[in-house]
Amino acid sequence: MHPFRQLVQALTPRYGAAEAASIARIVLEDAFHARAVADFELPAEAVPRWQSLVARLEAGEPVQYVLGQADFFGLKFRVDSRVLIPRQETEELVALALQLLRDKPCPTVLDIGTGSGCIAITIQKKLPGARVCALDVSADALAVAVENARNLQAAVSFEQGDILDPDFERAADALDLVVSNPPYIPYSEAALMPEHVTLHEPKLALFAPESDPLRFYRRISAWAADRLKPGGWLLFEVNEFRAEGVADILQQSGYAQVEILPDLFGAPRMARAQKAR
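Each residue of the sequence shown is one higher than the one before, counting from 46 in our numbering.
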């Protein structure tokens, strides 16, 4: 059996035929540089690597971790179990950030909870004049982000810090944009999520406190209100089931032009708010 059909057959029980075919295509194109994946013949010397990849995929490990990379906004990011896998919805958040900053020659940007660095690095690559800083509480995540910035030649500065710490502070210029994709899933919703996410991606980056799932939004909204320039923007990726709660927090924090925006699938996924001028 050809490798493509073998892998689709192996992964279909877990993912369904369409997603299994997509994963098989990614593996053959990225790991083995196959052009016509359906007809690709595996060289003998590649068999041990193939067998290892298939075993990890069959066990439910996400293909991005198996390959050690993920595509995001036309760039390839190193990823492993220390960081969340970049997602399409977050690409839409970055696109919105770039739109808001397009007329500013040297915008100042802070990405809170940077993970792999995909948001901060992409903004800096697309807006080379931007001064971008990225914050994360996890030293492990920051190590991945620093490696990605180096590999992609992005001039991003990184800081370790806990935005939830009441004493958290940083010396920096006023900001044009604060952007964040914070943990927003309460543990009670874990059973609704795919197993390959809950078993492999970092819980620190996924889950918010059950007693206060919007804790990060409340803290970041209040903190950013004092650090943004007049007319500066705060952008969040949000839990579609709690988007209105985030909007309420932003309004209570004194922001102007609070808006919830849909993703490509129509789900409320982004919150945008501007500090009054």
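No residue lacks a Cβ here, since even glycine has one placed at the ideal position from N, Cα and C.
- Remark: three or more beta-carbon pairs, one from each stretch, lie closer than 8 Å, so the segment 196-214 and the segment 257-268 are flagged as touching.
- The C-beta distance from residue 156 to residue 108 rounds to 25 Å, too long to meet the 8 Å contact threshold.
- Under the criterion of beta carbons closer than 8 Å, residue 164 and residue 187 do not qualify as touching, at roughly 14 Å.
- The DSSP-derived three-state label of residue 298 is coil.
- Under the three-state reduction of DSSP, residue 77 is assigned to helix.
- Runs of the beta strand (DSSP E) spanning 3 or more residues and lying entirely within the segment 99-124 occur at 114-117, 120-123, in chain order.
- For residue 142, same chain residues with a beta-carbon under 7 Å away, outside a window of 5 residues either side, are 168, 222, 224, 280 in chain order.
- In the DSSP assignment, residue 179 falls within the unbroken beta strand (DSSP E) covering 176-181.
- Its Cα nearest to that of residue 58, the residue 104 stands out among 104, 78, 112, 312.
- The beta carbon of residue 276 is closer than 6 Å to those of 322 in its chain, skipping five residues each way along the sequence.
- With contacts defined as CB atoms closer than 8 Å, residue 153 and residue 220 qualify as a contacting pair.
- Taking 8 Å as the cut-off, the Cβ atoms of residue 175 and residue 146 count as close.
- For residue 233 against residue 255, the beta-carbon gap comes to about 6 Å, under 8 Å, which counts as contact.
- The C-beta of residue 160 has 16 or more other C-beta atoms within 10 Å across all chains shown, which makes the residue buried.
- Taking C-beta atoms under 8 Å as the contact rule, residue 301 and residue 319 qualify, at a distance of about 5 Å.
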